[in-house]
Amino acid sequence: MARSPDHPRTPMARRRRGFQQAATLLADRVQKAAEGRGFAVARLLTHWPEIAGPQLAAMTRPVRISHTRGGFGATLTLLTVGPVAPLVEMQLPHLRDRVNACYGYNAVQRIILTQTAASGFAEGQAVFASAAVPPASADPASLQAADTVARQFQDPALAEAMARLALNIATKRHRNHRKDFPC
């Protein structure tokens, strides 16, 4: 007796085939979820340096894939900072070909550049730290004064701390003195 096509296989039939990889068991469900969320956006995010190339990947970041209602093809939105946007824009046709080669068909029709700061991406956060100031070299008179102060203490840790304090005070006085008399 033949089974109807809408009758699912029994668990026993699946067991006879042996072990299967978890990816093959979940492939249909994952594909349906990916289609609902922009068809494999994760692949673009995770493999972006290989798809775009190292130079373009350093300047851009894929943000979104959006579909038109009745049309074929999607629009890929890339995030880039303002100064490099013209450089990226010149390479958009080549980049579109590479993205479509990744999908195997003409999936992306347009690429739109968004020129803003990369908020939300850890790689693109602006750094607000000032440049490191090299420590000023102390003149011999300041070093001698710090050594004299340090000799007054028995504890070596306290003597070292007091020497640093005396050196900082002497260096600050020296800097302030130079501001008063610029020559």
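Okay, so the sequence shown: first residue is -16 according to the numbering used here, each after it adds one.
Even glycine gets a Cβ: it sits at the ideal position worked out from N, Cα and C.
This structure is a prediction, so every number in the text was calculated from the model and none was measured.
Beta-carbon proximity check, Val91 vs Arg79, cutoff 8 Å: Contact flag set, yes.
Range covered by the beta strand (DSSP E) that runs through Thr97: From DSSP, the beta strand (DSSP E) with Thr97 extends over 91 to 98.
Beta-carbon separation (whole angstroms), Thr99 vs Leu62, contact threshold 8 Å: Between the beta-carbon of Thr99 and that of Leu62 there is about 7 Å, and that keeps the pair under the 8 Å contact cut.
His30, enclosing alpha helix (DSSP H) - first and last residue: Per DSSP, His30 is not a residue of any alpha helix (DSSP H), being assigned neither H nor E.
Supposed close pair Ala129, Ala153 - CB separation, criterion 8 Å: Rounded, the Cβ-Cβ distance is 7 Å, consistent with contact.
Alpha-carbon to alpha-carbon, Pro117 and Ala68: Those two C-alpha atoms are separated by around 35 Å.
Top-ranked residue by Cα proximity to His50, from Arg93, Ala142, Thr131, Asn83: Among Arg93, Ala142, Thr131, Asn83, the Cα nearest to that of His50 belongs to Arg93.
Element boundaries [beta strand (DSSP E), containing Arg47]: That run of the beta strand (DSSP E) goes 43 to 50.
C-beta neighbour in chain D for Leu27, strict 8 Å: You won't find chain D in this structure, because it holds only one protein chain.
Beta-carbon gap between Thr202 and Arg81 smaller than 8 Å: Lying outside -16 to 166, the shown extent of the chain, residue 202 is not represented and no answer is given.
Bounding residues of the alpha helix (DSSP H) (the contiguous stretch that carries Ala124): Membership of Ala124 in the alpha helix (DSSP H) is indicated by the continuous run 123 to 133.
Distance between Ala115 and Met145 (C-alpha atoms, nearest Å): Approximately 25 Å, taken between the alpha carbons.
Limits of the unbroken alpha helix (DSSP H) element including Ala68: 68 to 73 is the span of the alpha helix (DSSP H), which, as asked, contains Ala68.
Paired residues, beta bridge with Pro58 - DSSP: One detail in the question is off: residue 58 reads as Thr in this sequence, not Pro. For Thr58, which the question treats as bridged, DSSP gives the partners Ser49, Arg93.
Near the ligand GDP: Trp31 beta-carbon under 7 Å from a heavy atom: For the ligand GDP, the structure offers nothing, since it holds no ligand at all.
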